[in-house]
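Counting from 538, one number per residue, gives the positions in the sequence shown under the working numbering. All remarks here apply to the structure that follows.
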Amino acid sequence: MSPRFVKSQREMEGRFEDVWVLVDDDDGLETWSSEADLTIVGRPAVRHDGPLRASGGARYTVDVALPGMLHAKVLRAPVSRGRVLSLDLDAARRTPGVRAVLGPDGPFTMGGDPPLTAEPSWAGEPIAAVAAETPEAAEAGLVALALELEERPPLLLDEGLTEQRFTEEPREVVRGDPDTALASADARVELTCETPAHVQTPLEPHAAVVRWEGDGLTAWVSTQGMFDARRELARRFDLVPERVRVISEFIGGGFGGKQGAGVEALLAAELARAADRPVRLALSRHEDQLVGGRRARTRQTVTIGGRRDGTLAAIELAAVVEMGAAGWIFPVAEPALSLYACDNVRTMTFPVRTSIRAQNAFRAPGVTEGVTVLEQAMDELAAALAIDPLELRRLNHVERDQGSGLPYSSKRLLACYDRAAELAQWTKRDALREPQPDGLLRGMGCATQIWWGGGGPPAHATIRLDADGRALVTTGIQDIGTGTLTSARMVAAEELGLELDRVVVRGGDTGPNVYAPVSGGSMTTPAVMPAVRSAAGKVRRILLSLAADVLEISADDLTLAGGRIRSRDGALDVDVTEVTDKLGNATIDGTGTRGPNPDGFRVNTFGCQIAQVAVDAGTGLVRVERVVAVHDVGRIVNPLAASSQLEGGVIQGVGYALTEDLIVDPTTGVPVNGHLDDYKVPTIADVPEIVWDFVDIPDENLPNLGAKGLGEPPIVPTAAAIANAFAHATGRRASALPLTPARVLETLA
Ligand code: MOS
């Protein structure tokens, strides 16, 4: 074993960073091939915590109730832009039951971004916070603050375009000579489409409970990144990170909107310190819809020039991205730059500041918005060139990342097209447009998916095998609802040669200090599972060498599978406990780290979705009847969890295409539909038939598993495929999504 530092590239949602990472991948493990004789990995397994979650037994952050715990509420800006004129902090402190009050001028504004402001720049921005014996007393404390503010006119998207109010410089990327190539193309199409402000809407709103313990604290946080939360809390309160314990055992989704400690944990920690009592701060559903975040609204114009043979001559993209009050830009231009082979590309991105909450990450941020418009323009080009839309995509397949010039570590997109076409009966597509007995207009459309999701170091795991022959796998995974802990259990059991029920897996707690990255960027499976397998490989080798001593046979003559140690000649066949029961209270320990991704490749995920829709031209109602989703994400560890991810992504994509949009009052700039009855996420009645498949071939260039991530890919192409199906059905294309009945009627008129 030889731990060493290696220089590696870390990728998170398309941002690349060079880092030194500690690697100890000297475990002799090869990537499991497609032919490897696996008995657990690759077969559907129910998640071990499913019954607990489904029965209400799982303790989410909002369920944490500590002795003496106070309840916190936040005073939020009722207007989208303004300045606090007066705030009666003393009156709030005198309110019965109130134990701590924080205002924008308090000690909390030191260092870093103060989570409380006296000059709100979006509706809902926190101004003050109160902790009290009961939620009602906290509410009364907020009223006693008697906020008065001066209102300022909101910054709105359209004005931002003329005033050029950018959160950062407009970004231009040019490849080749797009002007000349466009001018000389055989066909040119131009399409403008607005994409909606899409709210993550996790089932569990943002929440934190914090308890101080001497010179440290324990924080229960509903977060996608408990180690990031630990770092932020330690920094802000000047604590030793090991004295900050973050527990994120059960999380009701995040979708990108729950990064790090969040305002909730920071405020709860400060209130808890001020009151010297534990504090819970949990957002209401309505608060979460307004302040949790959203995917940025965009207005994109795509121009594509095509040649008669179906190849692309040039692509031009101009994308206006509504950033809100702050924030950075997500890779909206990436699909134009990398989805198809094209030598001449120009992309321009304009991030515009407005008076709404800063946009934040939402499941494949940027790329989903980009694909949603680019893929509609591709269908327009297919029509202009009289080429089948799926064929047009095949004709422009590319084996390299055109930005870096590097080959993809593996890319089986053509297989996705073939399989999706077969499952959707693509060849019968035009028959859908014949008059239907039910009077509905039907159509079918496709779209291509690209995203990253290769994961990478650092990620660690430890495994301890005890006298009962049971393995305890400790990881830093916070399972945000995807079942990744179950995958870790499967990988450990497979490599250890133990049955699943002899493996116990732990995560959701920074206490053991076993690091895993944020559950974002589709990286948990590709980052953590190789570390788990590496740790298991080491334990397995130690176990077999101990078995050799006990059984007086060479370790090379022994095999381990299904909890049995056998000799290759078949003479010996014993349970692992025959060896482990000699351990007493000792354990066989192994640690694993995630090795680097190979140099010289880009690691991406790919896929194709085909949607079939039915449109009622009388009511404007669009129903998605079926979505076929076929993706290439390398090896599939747990097909059951993977299919759930696909279904979830598709359903969220249906909402993006048809109903979801956070709408802002054009006079006040305040969001008007922050409730689930007016911001409509799909319900079970809206869910189409979802037909899925995976290429499921390991990426031989990735360490020891060949698995990529799947959290984000499935949402990427759904809305584009639906919009293309709508255009196929009706012959019209809407200038904006979502395709609400009103917009559909307007488009068809
Ligand atoms: Mo990112 S949207 O947290 O996967």
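Note that CB positions come from ideal geometry on N, CA and C, so glycine has one too.
Run of the alpha helix (DSSP H) containing residue i, from where it starts to where it stops
i, result
"C953", "L950 to A961"
"S1071", "T1061 to L1088"
"F553", "Premise fails: F553 lies in the beta strand (DSSP E), R552 to V560, not in any alpha helix (DSSP H)."
"A614", "Per DSSP, A614 belongs to no alpha helix (DSSP H) and is neither H nor E."
"Q826", "R822 to V828"
"T568", "No alpha helix (DSSP H) holds T568; DSSP gives it neither H nor E."
"E971", "Element bounds for E971: n/a, residue is neither H nor E."
"D752", "Per DSSP, D752 belongs to no alpha helix (DSSP H) and is neither H nor E."
"T1130", "It is not in any alpha helix (DSSP H) - T1130 instead sits in the beta strand (DSSP E) that spans I1125 to T1130."
"T985", "From DSSP, T985 is part of no alpha helix (DSSP H) but of the beta strand (DSSP E) over L978 to W988."
Where the beta strand (DSSP E) containing residue i begins and where it ends
i, result
"T1156", "Run containing T1156: none; DSSP gives neither H nor E here."
"R845", "Unbroken run through R845: none, as it is neither H nor E."
"L1274", "Note, L1274: premise wrong, no beta strand (DSSP E); not H, not E."
"A1098", "L1095 to A1098"
"G799", "Not the beta strand (DSSP E): G799 falls in the alpha helix (DSSP H), residues G799 to A812."
"G587", "No beta strand (DSSP E) holds G587; the alpha helix (DSSP H) holding it covers G587 to S592."
"A819", "V816 to A819"
"V781", "V781 to I784"
"V1111", "D1110 to D1112"
"M549", "R541 to M549"
"R937", "Per DSSP, R937 belongs to no beta strand (DSSP E) and is neither H nor E."
Alpha-carbon to alpha-carbon, residue j and residue i
i, j, result
"T533", "A1271", "Look at the range of the chain in this structure, 538 to 1286, and you will see that residue 533 is not part of it."
"T646", "L653", "With a pLDDT of 48 at T646, under the threshold of 50, the predicted position of this residue should be treated as unreliable, and no value is reported."
"V747", "I924", "60 Å"
"K1217", "M915", "29 Å"
"V1161", "I1227", "10 Å"
"E871", "G593", "41 Å"
"T1267", "G790", "36 Å"
"N1122", "G1006", "12 Å"
"R584", "A674", "40 Å"
"R580", "E567", "20 Å"
"E662", "P641", "11 Å"
"L770", "L686", "31 Å"
"L589", "E554", "39 Å"
"E1032", "C983", "39 Å"
"R547", "G1190", "28 Å"
"D600", "E786", "12 Å"
"P1176", "V638", "49 Å"
"T632", "V736", "35 Å"
"A921", "G762", "47 Å"
"R767", "Q1015", "13 Å"
"E700", "L693", "10 Å"
"I1147", "M981", "7 Å"
"V1232", "A1085", "40 Å"
"G648", "L804", "With a pLDDT of 43 at G648, under the threshold of 50, the modelled position of this residue cannot be trusted, and the question is left open."
"Q973", "L918", "27 Å"
"G1013", "H1265", "47 Å"
"D967", "L977", "15 Å"
"E1184", "R810", "43 Å"
"L636", "A812", "The identity of residue 636 in the sequence shown is Arg, whereas the question assumes Leu. Their Cα atoms are separated by approximately 6 Å."
"S1024", "S821", "32 Å"
Any non-hydrogen atom of ligand 2 closer than 7 Å to residue i Cβ
i, result
"S759", "Ligand 2 is not part of this structure, which contains only ligand 1."
Taking only runs that begin and end inside the segment 1160-1243, name each unbroken alpha helix (DSSP H) of 4 or more residues, in chain order. 1176-1195
Is there contact here, the segment 881-899 with the segment 852-869, by at least three beta-carbon pairs under 8 Å? yes
Which runs of the alpha helix (DSSP H) at least 4 residues long sit entirely within the segment 627-702? Give them in chain order. 672-681 and 694-700
With contact counted as at least three CB pairs below 8 Å, one residue from each stretch, are the segment 773-787 and the segment 819-832 in contact? no
Which whole runs of the beta strand (DSSP E) in the segment 854-931 are 3 residues long or more, in chain order? 882-890
Between the segment 1241-1256 and the segment 1055-1073, do three or more beta carbon pairs fall short of 8 Å? yes
The segment 1157-1169 contacting the segment 1101-1111, beta-carbon criterion three pairs below 8 Å: no
Which runs of the beta strand (DSSP E), 3 residues or longer, sit entirely within the segment 1000-1071? 1008-1012 and 1040-1043
What are the start and end residues of each continuous alpha helix (DSSP H) run of 4 or more residues lying completely inside the segment 694-743, in chain order? 694-700 and 715-720
Any contact of the segment 726-746 with the segment 791-799, i.e. 3+ C-beta pairs under 8 Å? yes
Would you be able to state if there are at least three C-beta pairs under 8 Å between the segment 1252-1265 and the segment 711-722? no
Touching by the beta-carbon criterion (3+ pairs, under 8 Å), the segment 945-959 and the segment 925-934: yes
With contact counted as at least three CB pairs below 8 Å, one residue from each stretch, are the segment 724-734 and the segment 838-849 in contact? yes
Give a yes or no on contact between the segment 1209-1216 and the segment 615-624, applying the rule of three or more CB pairs nearer than 8 Å. no
Counting Cβ pairs, one atom from each stretch, are 3 or more of them under 8 Å apart for the segment 1195-1208 and the segment 1046-1057? no
Inter-stretch contact (C-beta, 8 Å, three-pair minimum) for the segment 1136-1146 and the segment 942-952: yes
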